[in-house]
Amino acid sequence: MFRIIKKPELSPGRAVLSQILAILVSLCAAAIIVLILGYNPIEFYANLVKGALGSAYRVRATFNKAIPLVILSLGTLIAFKMKFWNIGAEGQMCMGAFGAAYFALNFSHLPAYVLLPLMALAGLVCGGIWALIPALLKVKFGTSETLVTLMLNYVALRWITYLQYGPWREVGGMPKIATFEANAVLPSVFGIHIGWIIALVLTVFVYILMTRTKFGYEISVLGESQATARYAGINVNKTIVIAILLSGALCGLAGMVQSSAVEKTLTEQFTGGLGFTAVITTYLARLSAPAIIVTSFLFAILLAGGSFLETSMRIPISMIYAMQAVIIFFVLGSEFFLNYKIVPRAGKGGAK
Amino acid sequence: MPDTVCIEMRGISKHFGTVAANENANLEVKRGEIHALLGENGSGKSTLMNMLAGIYSPDSGTIKIEGEEKTFASPHDSIAAGIGMVHQHFKLVEVMTAAENISAGSEKGLFRSPKKIAKKISDICTKYGLDVDSQKKVYNMSVGEKQTIEIVKMLYRGASMFILDEPTAVLTPQEADILFDILRNMKKQGCAIIIITHKLNEVMEISDRVTVLRAGETIATVNTCETNPQQLTEMMVGKPVELKITREEPKRSEAPVLEIENLSCTTDTGREILNKMSFTVHGGEILGVAGIAGSGQKELCEIIAGMEKASGGSVRFEQEEILGMSPIEILRRGVSMSFVPEDRLGMGLVAGMDITNNVMLRSFQKSKGIFIDIAENRKKAEEIVERYDVSTPSVNHVLRKLSGGNIQKVLLGREVELNPKLLITAYPVRGLDINASYNIYDILNAQKKEGVAILFIGEDLDVLLALCDRLLVMHDGAVMDIVDPKTVTKEEVGLLMLGHHPEKEEK
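Chains as they are written, first to last, in the numbering used here: chain E, 21 to 372; chain W, 30 to 536.
Pasting the structure below:
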């Protein structure tokens, strides 16, 4: 009936255009789902935007999601560029937050300018080490990094749960970890916590790293072909390990930022699944650091607006997750149609 | 019913995006003839044949089989019409037997009947004078045997019109002779055979008529006996071409640049790939390496370049042992390697990156600091593009989008620009058109004149014999002999490639 034909490659401009188109179409498709559920789609989107950007408070909530998302996506980008499918940003974020929380809870007597860098360092180191496990396993034994990073997420999440209900539980009262002292909380700049500056600086850093340095070049070559990388004299294992260490460290730092600036403590829900969302934002940004800011913001708007919808229209947040899925579905779909076209199997007369 | 036209393609056009692969191509094939389809790479031979095999559909034009107009929507339709295509890369299941491969996909009903299948296969073999051991597993077969299986598979499916895509590219001269005998037999039985090729001597030897394609268009169809290689080349290229490879005779260095002694290589599974190879390469000479594909050529290159481990022996470069050094250390001593694998892009180049990024692949580590000097590398890339006549819109063009010839020029250009003392080049003209190939030979000759030692691993014996100063023949990872290309014959080299050494066997 139909057959699939490969199309010649498109210009980058048109590729981006079709991606934007795909997102618009997916929003329409989501509108249909909303309609079937019995809500007014126009009201739905109006409330979504209002919920994400409607007031200073809500904008701040959106930023609180966008900032960690940017940092997580940057970490994920480094790994993805190497075709090392690190989907463990969630776990690395947890471990980073754990490291930061350890210092926040035990060294709260230190002044902020000592404590905060210490927490950031702990976040970087713990996130990095957590990512190092799958990297070493891959380098030594050829294990699948996708599986290992995915499973380590749950180990890390449960580790936080254990701390919350066990050793770190606040004396008396609810099973929660104590709130950080004021000197363990990141300060605000222009009304938004300083994480936005960190995210911007890191974006520039990752951009330069990937496009202007030897190391970034090595990562890209390695991502294309291991044989070519060896031929070019690149130490393959060393590059994998360092790049993944860096990838995990950035995700760990995102955990530190989120726990210190937003949650002001460590809870089992503090990630809000952002580590998984980062996989999507990185992918949608086509592994470009500047584009990550755009995609992260879009998804932050969805998430923050979604929480508002829960109260204003009583639409469950699951609808937002469904929307994320629809967007991915359409963008992946558009990718297929960018590269291939379907033509009817010709009967008499031939295909035009 | 010989001499009746069985395949007629008229005014065929096919576009991929804005690129016209075929434009007004015509082809007419008769029963009982071997028809050569001749053209350079990219001239649209394969596209035209893929349309006949039902893999692509033409944008316009008509295909008539036995006088009846057909539209092939899929390969099934084409097979049903009696057309069988033998692709360059065989489509066989390695772990299955010949019989299983031959019958796969064309069995009817729920159950297999091995007896009937075996009977049918042996009938076919008798009829066409083929030699097939139907119980042999494919992985135990030589390339020639595999090809025979592909042909039998098509006959089994009832094909009487055959398309063979560069069938001799993977064969030794002896195997090619066997194939040609098979084809002549099939021709006598009334089959129509189209062979896609760019080798002129084959066209002259086997075909009855030739259709020449250039830039997607049919230039002419001529009777083979009424033409000659020179005329065919002119039709292919569109202008007169000097068909001569020069052999420069510069002074050869006294001391060898590369000395290889008893080099062996065994895989993890214990299979011996290289078996005590010994040879030398001097400055100012081209040492050719001939051998059946997969005789250990790739491993040899990779070991010298430090990418593969040897299990014994020594590799000395300018009197220094380099076995066990890292690729980068070997590169810095002045050893360049350009290996063009079958897919052309597997190693040495990064398909998804632009020319600049590919040019700096082998030299980026030399620059100081952590940053890459993009401007400088772009300049270098522009120089290579200009010096080696790479046709590209700009050096920022992604390599994958260039044509094969241009990709190979970038690769060889980069390696030559490293000013090596030893240049290893494997299959540098793989898939290139005539002009591009001669450009590459010129580059190699120029390097030789400058005193570079060149190890040239090739596939085309005619080229190896014309270009090289000495020719090493490999068989199954061992050096069979090193012969003088000026005196040796192609047949002698072919026997050596198959592992027969006339002198040694007499003893």
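Heads up, the beta-carbon is just placed ideally off N, CA and C, and yes, glycines get one too. Values in this document were obtained by computation on a predicted structure and should not be read as measured data.
Residues of chain E with a Cβ closer than 7 angstroms to the Cβ of Arg-391(W) are, in chain order, Ala-252.
DSSP assignment within the region 332-410 of chain W yields the following whole beta strand (DSSP E) runs of 3 residues or more, N-terminal first: 341-346, 364-368. A contact is defined here as three or more CB-CB pairs under 8 angstroms, and the region 337-354 of chain E fails this definition with respect to the region 251-262 of chain E. When only Cα atoms are considered, Leu-316(W) and Arg-60(W) end up about 45 angstroms apart.
Between the C-alpha atoms of Glu-328(W) and Leu-352(W) there is a straight-line separation of about 13 angstroms. Closer than 7 angstroms at the C-beta level to chain W, one finds these residues of the region 205-233 of chain E: Arg-232, Thr-233.
A Cβ-Cβ distance of about 7 angstroms is found for the pair Gly-253(E) and Ser-355(W), placing them in contact under the 8 angstroms criterion. Gly-381(W) has a beta carbon lying within less than 9 angstroms of a beta carbon in chain E. The residues Gly-335, Ile-351, in chain order, have a CB closer than 8 angstroms to that of Glu-358(W) in the same chain once the five nearest residues on each side in sequence are set aside. Residue-level contact by beta carbon holds for Met-366(W) and chain E, with a gap shorter than 9 angstroms.
Along the region 438-467 of chain W, none of the residues has a CB nearer than 8 angstroms to a CB of chain E.
Against chain W, a Cβ distance below 9 angstroms from Phe-235(E) picks out Ile-399. Per DSSP, the beta-bridge partners of Ala-49(W) are His-44(W). Taking 8 angstroms as the cut-off between beta carbons, the residues of the region 331-342 of chain W near chain E are Ala-334, Met-336, in sequence order.
Neighbours of Glu-244(E) across chain W, judged by C-beta separation under 8 angstroms: Val-379, Ala-380, Gly-381, Met-382.
Closest in alpha carbon position to Ile-218(E), among Val-277(E), Gly-243(E), Tyr-251(E), Val-145(E), is Val-277(E).
Under the three-state reduction of DSSP, Asp-194(W) is assigned to strand. In the three-state reduction of the DSSP assignment, Cys-48(E) falls in the helix class.
By the beta-carbon neighbour count (other beta carbons within 10 angstroms, threshold 16), His-105(W) is exposed.
C-alpha of Pro-531(W) to C-alpha of His-311(W): approximately 27 angstroms in a straight line. The Cβ-Cβ distance between Leu-286(E) and Leu-183(E) falls below 9 angstroms. With contact defined as three or more Cβ pairs closer than 8 angstroms, the region 208-224 of chain E and the region 297-304 of chain E are not in contact.
Linking Met-114(W) to Ile-223(W) through their CA atoms gives a straight-line distance of about 9 angstroms.
Judged by beta-carbon spacing, Ile-150(W) lies beyond the 9 angstroms limit of Ala-133(W), meaning their Cβ atoms are not closer than that value. Chain order gives no chain W residues near Ser-75(E), where near means a beta carbon separation below 7 angstroms; the closest approach is about 44 angstroms. For Tyr-360(E), the three-state secondary structure derived from DSSP is strand.
Against chain W, the CB of Ser-316(E) has no partner CB under 9 angstroms away; the residue lies outside that interface. Leaving aside the five residues that flank Thr-226(W) on each side, the residues in its chain whose CB is nearer than 7 angstroms to its CB run, in chain order, Ala-65, Leu-67, Glu-195, Val-232.
For Thr-454(W), the uninterrupted beta strand (DSSP E) run begins and ends at 451-455, by DSSP. Per the coordinates, the alpha-carbon of Met-190(W) lies some 38 angstroms from the alpha-carbon of Leu-496(W). The DSSP-derived three-state label of Ala-482(W) is strand. Below the 8 angstroms Cβ cutoff, chain E contributes Gly-253 as neighbours of Leu-360(W), in chain order.
Listed along the chain, the chain E residues whose CB falls inside 9 angstroms of the CB of Ile-357(W) are Ala-252, Gly-253, Ile-254, Asn-255. Those residues of the region 156-181 of chain E placed with their C-beta closer than 9 angstroms to a C-beta in chain W do not exist. Taking the C-beta atoms as reference points, Thr-163(E) is found no nearer than 9 angstroms to Ala-151(E). Scanning its chain for C-beta atoms nearer than 7 angstroms, with the 5 sequence neighbours on each side dropped, one finds around Leu-92(E) the residues Ala-109, Met-113, Cys-271, Ala-274, Leu-294, Gly-295, Ala-298, in chain order.
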